[in-house]
Each structure stands twice: as structure tokens, then as C-alpha cells.
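Enquirer: FYI, in the UniProt record's numbering the residues of the sequence shown are 1 to 237.
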Amino acid sequence: MRPAAAGTRPSGPTREELPMVRHAAVRAAGSAAGMALTALALVSCDSGSDGAEGTRADRSGPPVVAPGRPGEANKTLSPREAAKARPENEPNTADVAYVRNMIHHHRQALAMTDLAADRARARGVRSIADRIAHTQGPEVGAMRAWLKRHGQPQEAEGGHDHTAMPGMATPEQLAALRKARGAAFDKLFLKLMITHHEGAVTMATDVSTKGNDVTVEEMASDVIATQSAEIGRMRRL
């Protein structure tokens with residue numbers, strides 16, 4: 001090894017400086033390790049504030065917007081809250097009873113609309129009768145299919161007094177409607193059908209709070225929206 005020229009400082013640390021260099025290196029390494037531990041501690045505190053498992057679940061995806069029931073505002077839920085709030089979607093007795101009863105309720109409305117073709121005088125009455133028939137006919141098919149899909153019989157055991165359902169016309173009222181013609185038919189038809197629709201809205205509103213099946217809730221919401229609009233239209237005739 002060549003000796004350093006006079007007046008020239010060696011490129012590396014001198015023997016006397018080595019302990020100081022080692023101390024500085026150790027201190028720097030310790031400082032870096034301390035900073036890393038501090039960062040980890042901060043992350044740990046942040047993730048552990050609500051429990052590690054809960055935080056991982058909360059951050060596993062974006063927030064979920066849960067639609068409210070009719071008349072209620074939507075809610076923003078975390079993924080974990082959305083999982084807990086998810087309905088079982090198993091039909092309960094209220095769902096099954098509603099579907100069975102509404103099938104019969106619709107059938108009476110369809111029987112009333114059948115009379116309008118050759119008895120109604122006003123074009124508006126014939127038009128609303130056609131509208132009701134084209135809406136409720138397919139709805140009956142959808143409700144029958146729902147019962148079949150869930151293994152439910154079309155009729156309840158022991159039968160049911162369907163005339164006791166909200167808005168149902170009595171046999172005497174139906175007989176009077178069959179005999180009526182012209183303006184008399186129009187007046188009685190509108191009176192009975194408005195009452196009939198109001199009964200359907202009552203039934204649909206009831207199952208919206210007591211039922212559990214999402215499909216039934218959607219069908220009930222359609223009944224409320226459609227028949228409420230038709231009530232307004234019939235009152236203007």
C-alpha cells in the first residue's frame with residue numbers, strides 16, 4: 001500500500017475516527033428502525049381502533065347504498081353493515097297471504113272490466129277499463145308463478161272469504177253493475193272500481209311492512225303506484 005502524500009487526507013476514515021463512524025452508523029440505523037416502528041405503531045393503532053377484523057371488513061369494498069322502503073330515504077352502509085342488513089328474502093305468511101288474496105282481488109277487477117266493452121258509454125270509462133285489464137291480467141300470471149316457484153298452493157287450506165278483503169264489491173253490487181247500461185253503468189263502474197283500487201292499495205301497503213320477500217315487495221310497490229294513479233284518473237272522469 002502506497003503511503004499518502006504529505007498534506008493529503010486519506011480517502012477513508014482514520015484509525016482514530018473509526019469508533020466515531022461506527023457510532024454514527026449505529027445511531028442512524030437505530031433512528032431508522034425507530035421511525036419504522038413508530039410508523040407501524042401508528043398503522044396498528046389506526047387499524048385497531050374498531051377491531052382488526054371489523055376494520056378489514058369495513059375497508060374490503062366501497063360503501064353500499066341501501067334503498068329505503070317506500071317513503072324512506074336511502075342509507076349508505078359499509079360492506080360489513082350491508083352484509084348484516086341483507087334480508088333473508090324468505091317468504092313469510094304475510095307474503096303468501098297477500099299474493100293469494102291479490103290474485104282474487106285482481107280477478108274481480110278483471111270481471112268488472114269485461115262488462116265495460118258493451119255497457120259503458122263514456123270513452124274514458126272504456127279506456128280505463130282496458131288499461132286495468134292489460135295491467136292486472138299479467139300481474140295475476142306473475143303472482144300465480146310466484147306461488148308455484150315457492151311451492152305454495154294456489155288456495156289456502158279451508159278456503160277464504162274473499163268478499164271480506166278491502167275494496168271488494170259485494171255480489172249484489174256486481175249484479176247491479178251487470179244490469180246497468182250507459183251513463184248508469186259508467187257511474188257505478190267508477191264508484192266500485194275506485195273503492196276496489198283503494199282496497200288494493202291498502203293491502204299492498206300492509207304487506208310492505210309485514211312481508212319479507214323482495215319480489216312481493218316490488219309487486220306491492222307496483223300496485224301502489226299504478227292503482228293510485230288510476231284512482232286519480234277515474235276521479236277526473
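Even glycine gets a Cβ: it sits at the ideal position worked out from N, Cα and C.
For ASN89, count neighbouring C-beta atoms within 10 Å of its own C-beta (all shown protein chains included) and say buried if the count is 16 or more, exposed if not.
Expert: On the sequence shown, residue 89 is found 89 positions in, with the first residue counted as 1. Flag for ASN89 reads exposed.
Enquirer: Can you pull the DSSP bridge partners for ALA120?
Expert: Mapped onto the sequence shown, residue 120 falls at position 120. DSSP output for ALA120 lists GLY182 as bridge partner(s).
Enquirer: Taking all protein chains shown into account, do 16 or more other C-beta atoms lie within 10 angstroms of the C-beta of ASN74, making it buried, or fewer, making it exposed?
Expert: Taking the sequence shown and counting its residues from 1, the one referred to as residue 74 is at position 74. Under this definition ASN74 is an exposed residue.
Enquirer: Output needed for GLU218: all residues of its chain with C-beta closer than 6 Å, excluding positions within five of it in sequence on either side, in chain order.
Expert: One-based indexing of the sequence shown puts residue 218 at position 218. Excluding positions up to five away in sequence, the list is empty.
Enquirer: Pick from LYS179, ASP95 and LYS191: whose alpha carbon is nearest that of ALA129?
Expert: In the sequence shown, residue 129 corresponds to position 129, counting from 1. The option with the nearest alpha carbon to ALA129 is LYS191.
Enquirer: May I have the straight-line CA-CA distance separating PRO153 from LEU147, to the nearest angstrom?
Expert: Along the sequence shown, one-based indexing puts residue 153 at 153. Along the sequence shown, one-based indexing puts residue 147 at 147. When rounded, the distance between both Cα atoms is 7 Å.
Enquirer: Closest to HIS104 by C-alpha separation, out of PRO166, THR93, ARG235 and LEU237, would be which residue?
Expert: For the purposes of this step, residue 104 is taken as the residue at position 104 of the sequence shown. Comparing Cα-Cα distances from HIS104 to each of PRO166, THR93, ARG235 and LEU237, the minimum goes to PRO166.
Enquirer: I believe MET143 touches VAL99 by the beta-carbon criterion, under 8 Å. Please report the beta-carbon distance rounded to the nearest angstrom.
Expert: Taking the first residue of the sequence shown as 1, we reach residue 143 at position 143. Taking the first residue of the sequence shown as 1, we reach residue 99 at position 99. MET143 to VAL99, Cβ: 5 Å. Contact.
Enquirer: Along the alpha helix (DSSP H) that carries GLU217, what are the first and last residues, could you check?
Expert: If you number the sequence shown from 1, residue 217 lands on position 217. Where GLU217 is concerned, the enclosing alpha helix (DSSP H) stretches over 214 to 235.
Enquirer: Should the region 170 to 186 be called in touch with the region 204 to 211, which here means at least 3 C-beta pairs below 8 Å?
Expert: no
Enquirer: By Cβ distance, which residues of its chain are closer than 7 Å to GLN136, with the 5 residues on each side in sequence left out?
Expert: Taking the first residue of the sequence shown as position 1, residue 136 is located at position 136. Once the five neighbours on either side are set aside, the close Cβ partners of GLN136 are HIS106, ALA109 and LEU110.
Enquirer: Give the C-beta separation of ALA235 and ILE194 to the nearest angstrom, bearing in mind that I take them to be a contact with Cβ-Cβ under 8 Å.
Expert: In the sequence shown, the residue the question calls residue 235 occupies position 235. In the sequence shown, the residue the question calls residue 194 occupies position 194. With the sequence shown as reference, residue 235 is identified as Arg, and Ala is not the correct amino acid for it. Confirmed, about 7 Å.
Enquirer: Our contact map puts HIS197 next to ILE224 with C-beta atoms below 8 Å; I'd like the distance itself, whole angstroms only.
Expert: If you number the sequence shown from 1, residue 197 lands on position 197. If you number the sequence shown from 1, residue 224 lands on position 224. Wrong, their Cβ atoms sit about 10 Å apart, outside the cutoff.
Enquirer: How about ALA200 and GLN173: do their beta carbons lie closer than 8 Å?
Expert: For the purposes of this step, residue 200 is identified with residue 200 of the sequence shown, where counting begins at 1. For the purposes of this step, residue 173 is identified with residue 173 of the sequence shown, where counting begins at 1. Cβ atoms of ALA200 and GLN173: not closer than 8 Å.
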